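Residue numbers (the working numbering): 9 to 259.
For reference, the structure discussed in these notes is given below.
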Ligand code: 13P
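If you want it as structure tokens, here you go:
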């Protein structure tokens, strides 16, 4: 199973900056990218085509959309469809990110609908889950993981190729705070995630990648990536500069 080294650029970068960052990243990484690693960038919608252009023909480099809606076209002002993302060069979609859950108000049901719909429409999907600090303090980590996962994949075809689905465990309290979850906390949460995926998908769950996200940096990535059940990372702030993300990809 290849490790998935993913970047979420959130609402950062104009088109020129996105293109040059992606070009620099390719230059820094492509000759050295180990066989068992893949790179995935989620730029803002407006830069998907530029990143796809920069990665064109490069083995192991992928592009995704940070969100999409539940129809291919229609009167849905402000929304974008999986086929539009694919048309712009994206092969992946992101669902359930904590900022969409907690800032934009998406609930478990909508996240589940989006996950199943994107997969049906031919995108690979990275589903994000993770507890808030109040939930952790209240001893609810397992409950949140179980609930978000069960709802997140409720309508996903159980015959799915497991390489097309990834789950990112991103504890909300570690996102953009500089506070990384400890090794034990990560292994525990990833172990619970694997257990629930096995319950939901059977043996093929061993081939669904589980990424860690939350204040990943060049200095901590090698420790994180070597933990049990960590099959990649999803990086925000430290993915915005090409040299920093290149170190993470190769770290
Ligand atoms: P940071 O790496 O900035 O903590 O963000 C993590 C994240 O939200 C990735 O999706």
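All C-beta atoms in this analysis are idealised placements derived from N, C-alpha and C, irrespective of residue type, glycine included.
Nothing here was measured: the structure is a model prediction, and the numbers come from that model.
**Message:** Could you compute how far the alpha carbon of residue 207 sits from the alpha carbon of residue 179?
**Reply:** Translated into the one-based positions of the chain shown, residue 207 becomes position 199. Translated into the one-based positions of the chain shown, residue 179 becomes position 171. Roughly 22 Å separates the two Cα atoms.
**Prompt:** Three or more beta-carbon pairs under 8 Å between the segment 170 to 186 and the segment 214 to 227, yes or no?
**Reply:** The segment 170 to 186 vs the segment 214 to 227: in contact.
**Item:** Cβ separation of residue 235 and residue 194, assumed to be a contact under 8 Å, to the nearest whole Å
**Value:** Taking the chain shown and counting its residues from 1, the one referred to as residue 235 is at position 227. Taking the chain shown and counting its residues from 1, the one referred to as residue 194 is at position 186. Residue 235 to residue 194, Cβ: 6 Å. Contact.
**Prompt:** Is residue 182 closer than 7 Å to residue 188 when the C-beta atoms are compared?
**Reply:** For the purposes of this step, residue 188 is taken as residue 180 along the chain shown, with counting starting at 1. For the purposes of this step, residue 182 is taken as residue 174 along the chain shown, with counting starting at 1. Yes.
**Request:** Could you spell out the range, first to last residue, of the beta strand (DSSP E) harbouring residue 135?
**Result:** Reading the chain shown from its first residue, position 127 is the one you call residue 135. Unbroken beta strand (DSSP E) run through residue 135: 132 to 137.
**Among 212, 41, 57, 90, the one whose alpha carbon lies nearest that of residue 23** = Here the question's residue 23 lines up with position 15 in the chain shown. Of the candidates 212, 41, 57, 90, 57 places its Cα closest to the Cα of residue 23.
**Message:** Please classify residue 110 as buried or exposed, where buried requires at least 16 neighbouring CB atoms within 10 angstroms.
**Reply:** Within the chain shown, residue 110 is the residue found at index 102, counting from 1. By the 10 Å Cβ count, residue 110 comes out exposed.
**Asked** Do residue 200 and residue 137 have their CB atoms nearer than 7 Å?
**Response** The count along the chain shown starts at 1 and reaches residue 200 at position 192. The count along the chain shown starts at 1 and reaches residue 137 at position 129. No. Outside cutoff.
**Message:** Relative to the C-alpha of residue 155, which candidate in 190, 214, 125, 119 has its C-alpha closest?
**Reply:** Start at 1 with the first residue of the chain shown, and residue 155 comes out as number 147. It is 119 whose Cα lies nearest to the Cα of residue 155.
**Request:** Tell me, please, whether the segment 136 to 150 touches the segment 64 to 78 by the rule of three or more beta-carbon pairs shorter than 8 Å.
**Result:** no
**Limits of the alpha helix (DSSP H) - the one that residue 13 falls within** = Here residue 13 is taken as the residue at index 5 of the chain shown, counted from 1. Here residue 13 belongs to no alpha helix (DSSP H); instead the beta strand (DSSP E) covers 11 to 16.
**Request:** Reducing DSSP to helix, strand and coil, say where residue 198 ends up.
**Result:** If you number the chain shown from 1, residue 198 lands on position 190. It is helical.
**Item:** Range of the contiguous beta strand (DSSP E) that encloses residue 217
**Value:** Locating residue 217 in the chain shown gives position 209, counting from the first residue. Residue 217 -> beta strand (DSSP E) spans 217 to 221.
**Request:** Could you tell me the distance, in whole angstroms, from the CA atom of residue 94 to the CA atom of residue 50?
**Result:** Translated into positions along the chain shown, residue 94 becomes position 86. Translated into positions along the chain shown, residue 50 becomes position 42. Their Cα atoms are separated by approximately 13 Å.
**Message:** Please classify residue 103 as buried or exposed, where buried requires at least 16 other C-beta atoms within 10 Å of its C-beta.
**Reply:** The count along the chain shown starts at 1 and reaches residue 103 at position 95. Buried, since its Cβ has 16 or more Cβ neighbours within 10 Å.
**Item:** Residue nearest to residue 12 in terms of C-alpha spacing, selected from 30, 44, 20
**Value:** For the purposes of this step, residue 12 is taken as residue 4 along the chain shown, with counting starting at 1. Ranking 30, 44, 20 by Cα distance to residue 12 puts 44 first.
**residue 242: CB within 6 Å of a non-hydrogen atom of the ligand SAM** = Looking for the ligand SAM in the displayed structure turns up nothing; the ligands present are the ligand 13P.
**Request:** Check the C-beta distance from residue 38 over to residue 66 and give it rounded, since I have them as a contact under 8 Å.
**Result:** The residue given as residue 38 occupies position 30 in the chain shown. The residue given as residue 66 occupies position 58 in the chain shown. Their Cβ separation, rounded to whole angstroms, is 5 Å, which keeps residue 38 and residue 66 in contact under 8 Å.
**Request:** Pull up the DSSP beta-bridge partners for residue 174, would you.
**Result:** Here residue 174 refers to the residue found at position 166 of the chain shown. In DSSP, residue 174 forms a bridge with 134, 217.
**Prompt:** Between the C-alpha atoms of residue 232 and residue 92, what's the straight-line distance to the nearest angstrom?
**Reply:** Taking the chain shown and counting its residues from 1, one reaches residue 232 at position 224. Taking the chain shown and counting its residues from 1, one reaches residue 92 at position 84. Spanning the two alpha carbons is a distance of roughly 34 Å.
**Prompt:** Run through DSSP, which three-state label would residue 208 get?
**Reply:** Stepping through the chain shown from its first residue, residue 208 is reached at position 200. It is helical.
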